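Here the sequence shown stands for residues 122 to 220, numbered as in the working numbering.
Heads up, the beta-carbon is just placed ideally off N, CA and C, and yes, glycines get one too.
Just so you know, these numbers come straight off a predicted model, no measurement behind them.
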Amino acid sequence: MIIVMGKLRIDADAIEAALPAARKVVAATQAEEGCLQYDYSRDITDPEIFHITERWTSREALGAHLKTPHVAEWIAVLSGLTMKERHIKLYDTDEGEDL
Numbered sequence: 122m123i124i125v126m127g128k129l130r131i132d133a134d135a136i137e138a139a140l141p142a143a144r145k146v147v148a149a150t151q152a153e154e155g156c157l158q159y160d161y162s163r164d165i166t167d168p169e170i171f172h173i174t175e176r177w178t179s180r181e182a183l184g185a186h187l188k189t190p191h192v193a194e195w196i197a198v199l200s201g202l203t204m205k206e207r208h209i210k211l212y213d214t215d216e217g218e219d220l
């Protein structure tokens with residue numbers, strides 16, 4: 122399993138303007154083959170932070186996702202915003218265990 126975790130720090134007003142595009146990329150991505158989870162969430166203590174959580178069946182599924190039109194559209198939206206911080210990491214792991 123591939124896990125992608127990260128955060129984006131963007132001006133709170135810009136995030137509000139980007140939410141329709143964020144909702145669109147999330148809905149389209151969640152329907153993709155190989156996508157087990159794809160979520161963005163606002164931080165409860167800092168309104169400028171979006172947390173990113175993704176789980177994929179394989180690197181190939183993630184690679185295909187990165188070539189989709191909805192990702193290109195989302196990247197175009199993000200490139201128009203002032204990004205204060207961007208940290209995204211990929212982890213290659215097993216399916217984990219319940220706690």
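Check, Outcome
"Residues sharing a beta bridge with L129, DSSP", "F171, R207"
"Member of D213, I136, E216, H186 whose CA lies at the smallest distance from the CA of S162", "I136"
"Close beta carbons around A149, own chain, < 8 Å, minus the five adjacent residues each side", "T189, H191"
"Where the alpha helix (DSSP H) through L199 begins and ends", "190-200"
"Cα-Cα separation between D215 and Q151, rounded to whole angstroms", "20 Å"
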